[in-house]
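End of the sequence shown sits at 267 in the UniProt record's numbering; the numbers just go up one at a time, nothing left out. Working notes, beginning with the structure itself.
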Amino acid sequence: MADPTPVFDDLRAESDELDRLVAELSPDQWSLATPAPGWSIAHQIAHLAWTDHAALLAVTDADAFAKEVEKALASPESFVDDGAEEGARKPPAEILAEWRTGRKALADALSAAPKGARFPWYGPPMAAASMASARLMETWAHGQDVADTLGVVRTPTGRLRHVARIGVRARDYAFGVNGLTPPAEEFRVEVVGPDGTTWAYGPDDASQRVTGPALDFCLLVTRRAHRADLAVRADGEDAERWLDIAQAFAGPPGAGRGASAAKGDGQ
């Protein structure tokens, strides 16, 4: 079994990077609208705190987490927005403090988890490393919303490997959540990381392929940018279809980002 420590360290680093982005914001800036409709920066951080709390329950109190799942099943279309809205009503300093406390508690719980343990989630049960990867993916994605709102261009890091891997593994989920039958064959996915190395997934002799920069692929599978604005390319009919619907996160796909003005005008 691989040592999960690196992904735990990467999750902390990703969270710390976003923390630095919001720590000195004014109350007015916390109220700025982000690209997610109806969500301010306060909603984005409150959502991360809310999800970290749910993950902590999954790791430490399965019965309590089961009650959270019941709430989700009772309001599948709104429970995520409801959680973010409730948290966003709090003062920014309180939101930030709760996120910091909650993410540390989760990190400690994941690090202390027994080897081989699997924990319940809204989808299939996950091992501690998988839980950490999922939290990193979401932290990075919501951090992108915050960065875009503030006009900050983030430097991509090797931590994108976790996001890319989840995006590839979630291929069949993306087809299913859009009412489509997943392809029978695997795709070959080759993306170029920030350091110039290629991250490859799937059989080398696959007839359908996806290629491009890792950053662009991660923006695509987290639905933080429109495909038309990204240098991700597909070879094969099913691979082409996947790039239109790919998502690395659980839940309904949502509208996603629109194309930029230049692309939207057909340029």
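Even for Gly, the Cβ is constructed at its ideal location relative to N, Cα and C. Bear in mind that the values here come from a model prediction, so they are computed numbers and not experimental data.
What's the C-alpha gap between residue i and residue j?
| i | j | result |
| --- | --- | --- |
| Leu-96 | Ala-206 | 46 Å |
| Gly-266 | Asp-229 | Because the pLDDT at Gly-266 is just 30, under 50, the model does not fix this residue reliably, and the value given afterwards should be weighed accordingly. Rounded to the nearest angstrom, the two C-alpha atoms are 12 Å apart. |
| Asp-238 | Thr-157 | 29 Å |
| Ala-170 | Pro-92 | 34 Å |
| Glu-94 | His-142 | 19 Å |
| Trp-99 | Ala-107 | 12 Å |
| Gly-123 | Trp-50 | 17 Å |
| Asn-178 | Gly-251 | 11 Å |
| Asp-16 | Pro-6 | 15 Å |
| Gly-258 | Thr-34 | 14 Å |
| Arg-103 | Ala-134 | 13 Å |
| Leu-150 | Met-137 | 20 Å |
| residue 313 | Glu-77 | With the chain running from 1 to 267 in the structure shown, residue 313 is simply not present. |
| Lys-263 | Leu-215 | Its pLDDT being 42, under 50, Lys-263 is placed unreliably by the model, and the measurement read from it follows with that caveat. C-alpha separation (whole angstroms): 19 Å. |
| Pro-114 | Asp-52 | 19 Å |
| Asp-148 | Asp-61 | 36 Å |
| Lys-90 | Thr-181 | 43 Å |
So, residue i versus residue j, is the Cβ gap smaller than 8 Å?
| i | j | result |
| --- | --- | --- |
| Phe-187 | Gly-176 | no |
| Ala-117 | Ala-127 | yes |
| Ala-64 | Leu-57 | yes |
| Leu-48 | Ala-132 | no |
| Asp-235 | Gln-208 | yes |
| Val-59 | Leu-25 | no |
| Ala-164 | Trp-199 | yes |
| Leu-220 | Ala-246 | yes |
| Thr-211 | Glu-190 | yes |
| Glu-70 | Ala-54 | no |
| Phe-217 | Gly-167 | yes |
| His-226 | Gly-196 | no |
| Arg-241 | Gln-144 | no |
| Gln-44 | Val-192 | no |
| Phe-79 | Ala-72 | yes |
Quick one: does residue i have its CB under 8 Å from some CB of chain D?
| i | result |
| --- | --- |
| Asp-52 | This model lacks chain D altogether; it includes just one protein chain. |
Contact check, residue i vs residue j under 8 Å by CB: the rounded distance?
| i | j | result |
| --- | --- | --- |
| Arg-159 | Ala-13 | 7 Å |
| Ala-231 | Pro-213 | 6 Å |
| Val-152 | Leu-32 | Incorrect: roughly 12 Å between the Cβ atoms, too far for contact. |
If contact is defined by three or more beta carbon pairs under 8 Å, each pair taking one atom from either stretch, is the stretch 75-88 in contact with the stretch 33-53? yes
Give, in chain order, every unbroken run of the beta strand (DSSP E) that is at least 3 residues long and sits entirely within the stretch 157-238. 188-192, 198-201, 209-213 and 233-235
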